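For the sequence shown, position 13 (counting from the first letter as 1) is numbered 1456 according to the numbering used here, and the numbering increases by one without interruption.
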Amino acid sequence: PRPSPPTRRSSPPAPPTAAAPQSAAEHGEVAGQVPRRGAGGEERRLEPVHGVEHLEHRDGGADGAVDVGPGRGELGPRRADRAHRGLQRRQRPLDLLEAGPRAHQRGVQRAACDAPPRGSPPPGRRRPDPSRWSGGKWEEERKRERDLLLAWTDTSAEIRIVYKDLASQDSGLLPIASRALPRRLDASPLDSGGRRRRRKGGTESAGQISFGQLVSLVELYEAVILKMTEFLELEAQDGVRMPWNVIPGTKQEATSSVIPVSAIYTPLKSIPEIPVLPYAPLRCRMCRSILNPFSIVDYVAKIWVCPFCFQRNQFPQHYSSISENNLPAELFPQYTTVEYLSSAETGPAAPPVFIFVVDTCMIEEEIGYLKSALAQAVELLPDNSLVGFITFGTYVQVHELGFGLLPKSYVFKGTKEVTKEQILEQMCFFTGKKMPTTGVIAGTRDGLSSESISRFLLPASECEFVLNSVIEEMQKDPWPVPADQRASRCTGAALSVAANLLGVCVPGSGARIMAFIGGPSTEGPGSIVSKSLSEPIRSHKDLDKDSAPLYDKAVKFYDQIAKQLVHQGHVLDVFACAVDQVGVAEMKVAIEKTGGIVVLAESFGHSVFKDSLLRIFQSADDSLGLSFNGILEINCSKDVKIQGIIGPCTSLEKELIAGFDQEAAAAVMARLVSFKMESEDDFDPVRWLDRSLIRVCSKFGEYQKETPSSFSLSPRLSIFPQFMFNLRRSQFVQVFNNSPDETAYFRMMLDRENVANAVVMIQPSLISYSFQSGPEPALLDATAIASDKILLLDSYFTVVIFHGITIAQWRNARYQDQEGHEAFAQLLKAPHEEANAIIKERFPVPRLVVCDQYGSQARFLLAKLNPSVSYNSGNPSPGGDVIFTDDVSFEVFMDHLQRLAVQG
1444 PRPSPPTRRS
1454 SPPAPPTAAA
1464 PQSAAEHGEV
1474 AGQVPRRGAG
1484 GEERRLEPVH
1494 GVEHLEHRDG
1504 GADGAVDVGP
1514 GRGELGPRRA
1524 DRAHRGLQRR
1534 QRPLDLLEAG
1544 PRAHQRGVQR
1554 AACDAPPRGS
1564 PPPGRRRPDP
1574 SRWSGGKWEE
1584 ERKRERDLLL
1594 AWTDTSAEIR
1604 IVYKDLASQD
1614 SGLLPIASRA
1624 LPRRLDASPL
1634 DSGGRRRRRK
1644 GGTESAGQIS
1654 FGQLVSLVEL
1664 YEAVILKMTE
1674 FLELEAQDGV
1684 RMPWNVIPGT
1694 KQEATSSVIP
1704 VSAIYTPLKS
1714 IPEIPVLPYA
1724 PLRCRMCRSI
1734 LNPFSIVDYV
1744 AKIWVCPFCF
1754 QRNQFPQHYS
1764 SISENNLPAE
1774 LFPQYTTVEY
1784 LSSAETGPAA
1794 PPVFIFVVDT
1804 CMIEEEIGYL
1814 KSALAQAVEL
1824 LPDNSLVGFI
1834 TFGTYVQVHE
1844 LGFGLLPKSY
1854 VFKGTKEVTK
1864 EQILEQMCFF
1874 TGKKMPTTGV
1884 IAGTRDGLSS
1894 ESISRFLLPA
1904 SECEFVLNSV
1914 IEEMQKDPWP
1924 VPADQRASRC
1934 TGAALSVAAN
1944 LLGVCVPGSG
1954 ARIMAFIGGP
1964 STEGPGSIVS
1974 KSLSEPIRSH
1984 KDLDKDSAPL
1994 YDKAVKFYDQ
2004 IAKQLVHQGH
2014 VLDVFACAVD
2024 QVGVAEMKVA
2034 IEKTGGIVVL
2044 AESFGHSVFK
2054 DSLLRIFQSA
2064 DDSLGLSFNG
2074 ILEINCSKDV
2084 KIQGIIGPCT
2094 SLEKELIAGF
2104 DQEAAAAVMA
2114 RLVSFKMESE
2124 DDFDPVRWLD
2134 RSLIRVCSKF
2144 GEYQKETPSS
2154 FSLSPRLSIF
2164 PQFMFNLRRS
2174 QFVQVFNNSP
2184 DETAYFRMML
2194 DRENVANAVV
2204 MIQPSLISYS
2214 FQSGPEPALL
2224 DATAIASDKI
2234 LLLDSYFTVV
2244 IFHGITIAQW
2254 RNARYQDQEG
2264 HEAFAQLLKA
2274 PHEEANAIIK
2284 ERFPVPRLVV
2294 CDQYGSQARF
2304 LLAKLNPSVS
2314 YNSGNPSPGG
2324 DVIFTDDVSF
2334 EVFMDHLQRL
2344 AVQG
């Protein structure tokens, strides 16, 4: 039992002696009263000091609060040491440490009875100099320390720091754990028997620490807290936190920093004071970055300089009133994050789409829990949102919600993956009309009627009764399950059907596949374990030893699902509720790449699942605020390159495309293939160029796997296949009818000329002259030939002036010399003037060829044109010419390229 406090401490402090200052007010302090313990162990609080309330005493503490400061010097060293040890044996108070002149005053007042209690720093062995604590010098040296109130206790072994400026009125205290302090700071200087602890070979107290060291420690932690507060403010403003908030200036610094230069970004972070601008963002015409506070603005010339690429951009007309005193919101320094309203550029906001994929291979109790949760979620759906419903077990059933007379569904076998073509054919999307054989079939813009789509995806307000009926009548999968086997569950096939259904009906719009899974997949693609219960589900040990034969195959399948959903702009959410594993490890790639949600619980009746599902659809302040089909575009300055991203997203492979130079790439490929032809034996240049082009298109093209008609290229890459087509037919690759000297000459000129001239060598330019229009570029195609036109071909080594047959006849008839035919004379003169300008500025001087249609020298032009009209073509163009060649046309070339690129 703890001894009772000494009776001599029960009396109030003695009145101030003559040696003490006259009043505490002289030092700017407010005198406080010492708390006393009342009846029943109650405690009374001290009056506020420095604007912060004193801490309460714990049970068993002393009646008085003892201030530790220079006033302790009024006690004799031995007497103070004896009192200190005695109090440590009898009580465990929570003491207050005040610093300043008031400590000197109150120490003198209670010099006869007060001594430092247990837990406070032990008194020094020398008498401190009272002049050191004079009011003026104290104010100068310890001004900031007046806002600190330190409490020492050896029971909790921690320091509590009260920050007057930072701590809220409710919390009052900002605790710092003692483990963050020096190891022996919280140690008591005395042992349990009251004897002073000694070091090995020494007599110093292990817990002794000076007041100056304590203040330095507090200042250190204060600086850390203030810096962390700055980081938190930046995160609250922009949703960004970075390990390194200063970018390394050299490669050596970046390498030695160990922790990578990175940023954690929350794109959907709620920012209460974020400005919403009612107009479209102003983008840089070079790098497509947006006007921001870091842009350099010339208010006089109405020009802004992009901070990323340093491109000068002109302000549009609606920014004409901009000035230093009239800034748009996006230039305010505090508005580093803004939002823009939807405009004609972004298009109207489409309604969200939810398609529920529900597992029925569960016991009746679990199905009942799930039905109840789904019914509540349906009530919270937005009225304009489109809803679909799919159930799966041994088979996959797509329910037709638009047919309300009786339950109707389309059934797919769960052992095979379902393609879009099967969806279109078996679900009767083209009833009464023929399905197109080519082209991408996706949505109403590609031939699907809105009536056929609304059979499976209906607004929630229109299908609420039918959907609730389907949910209410949902029962356990009827197929029997032997006692020694798992249920036949085709999770992968069901998700494949859902992804293809959304891709057919609503591609590019915000849609979510919400899968509710109650067990492992055992059937069809994506299965993770066999049906036999004797085979356990893969563990970490199995994955480490590569003894999980179905794991890699399932991950590859879900990776293909992820790529399809990303291309369509759709999301996969998984709610896995089972005691056993369900395959989240395999589905992780699809969930993360699409930015989906995953909830893992033991049962559909558990609050983790039920409350999480409701949080998605509720519209209260604590809702998730889901967004759909979001694209995160990152622009960097020239010195920064994105290495990768980790999180719930996937790369759109746009970071390379944005900086792709098609003409430079064509020149590089031409030099490289010429070098390989000369340095490598048995090198097939055409095959090498074709394989390279296929790999580029397969990596950077946009397509659906095994669907050539869905293939498309970014505008920054769209001309590159045409360059490669002409390179295959150029004099650098096709050496037939050229001597070795000529080939060497062509390749040397290619290696020494710039990109613009190299592109002309690879793909000659063609200009058309006619009465109907002035000089204009023409396609390098056989269809460009017309009887009433003059063509000017520049292939760098040869300049060809080609006259159509009608033009040639008029020229031979000398109409250009007759009065009234000045326009015809000018038409004949214009290509010659342009040809002379080209010859004059080029070295070596190119050869000039003037020819007519059907003439012998017309071969110089026909050899460079795309043979879209050849001798085996069925429909030659009127007035055009036929090219007698076995070379494939550019259209046939692109058809083969698309077919090979979409194979992945």
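Just so you know, even glycine gets a beta-carbon here, dropped at the ideal spot from N, CA and C.
Computed from a prediction, not measured in an experiment: that's the story for all the values here.
- Rounded to the nearest whole angstrom, the C-alpha separation of E1807 and V1839 is 19 Å.
- Annotation for M1870: no beta strand (DSSP E) segment contains it, and DSSP assigns it neither H nor E.
- DSSP links W1922 through a beta bridge to no other residue.
- Taking all protein chains in view, the Cβ of S1763 is surrounded by fewer than 16 other Cβ atoms within 10 Å, so the residue is classified as exposed.
- Contact check between the region 1854-1867 and the region 1908-1918: fewer than three CB pairs, one atom from each, fall below 8 Å, which does not count as touching.
- Under DSSP, F2143 takes part in no beta bridge, so it has no partner.
- The beta carbon of S1766 lies closer than 6 Å to those of Y1742 in the same chain, with the five residues before and after it left out.
- Around the beta carbon of D2184, fewer than 16 other beta carbons lie within 10 angstroms, which makes this residue exposed.
- Collapsing the DSSP output to three states places F1959 in a strand.
- DSSP places T1834 inside the beta strand (DSSP E), whose first and last residues are L1829 to F1835.
- Inter-residue distance for I2162 and Q2105 is about 7 Å (C-alpha atoms, whole angstroms).
- Closest option to I1714, judged by alpha-carbon separation, among E1676, Y1853 and K1814: E1676.
- By alpha-carbon distance to Q2003, the top candidate from S2080, R2130 and T1862 is T1862.
- For T2150, the enclosing beta strand (DSSP E) has its first and last residue at T2150 to S2155.
- Contact between the region 2273-2288 and the region 2223-2237 is present, with at least three C-beta pairs closer than 8 Å.
- Remark: C-beta atoms of V2345 and P2151 approach each other more closely than 8 Å.
- Between Y2188 and the set S2332, Q2174 and C1804, the nearest pair of CA atoms involves Q2174.
- DSSP, reduced to helix, strand and coil, places S1893 within a helical segment of the structure shown.
- For F2103, same chain residues with a beta-carbon under 7 Å away, outside a window of 5 residues either side, are R2159 and L2160 in chain order.
- The region 1768-1783 and the region 1916-1929 do not touch, with fewer than 3 CB-CB distances between them shorter than 8 Å.
- V1841 is a Cβ neighbour of M1870, given a cutoff of 8 Å.
- C-alpha of P1795 to C-alpha of E2123: approximately 57 Å in a straight line.
- Burial check for W1922: the Cβ neighbour count within 10 Å stays below 16, so the residue is exposed.
- Taking a cut-off of 8 Å on C-beta distances, the region 1701-1720 touches the region 1679-1686, as three or more cross pairs fall below it.
- Of the candidates L2136, S2157, S1904 and V2042, the residue whose Cα lies closest to the Cα of F2166 is L2136.
- DSSP assignment within the region 2040-2119 yields the following whole beta strand (DSSP E) runs of 3 residues or more, N-terminal first: 2041-2044.
- According to DSSP, P2220 shares a beta bridge with I2210.
- The residue among Q2259, K2283 and G2263 with its C-alpha nearest the C-alpha of K2272 is Q2259.
- Residue P1736 holds the alpha-carbon nearest to the alpha-carbon of P1750 among V2129, W2131, Q2269 and P1736.
- L2305 places its beta carbon 8 Å or farther from that of V2242.
- Looking at the DSSP output, H1842 sits in a beta bridge with S1852.
- A contact is defined here as three or more CB-CB pairs under 8 Å, and the region 2041-2055 meets this definition with respect to the region 1807-1816.
- Put simply, the backbone Cα of L2075 is about 15 Å away from that of Q2086.
- The three-state reading of DSSP puts D1741 in strand, counting E and B together.
- According to DSSP, R1726 shares a beta bridge with I1733.
- With respect to V1800, F1959 sits close: the two C-beta atoms are nearer than 8 Å.
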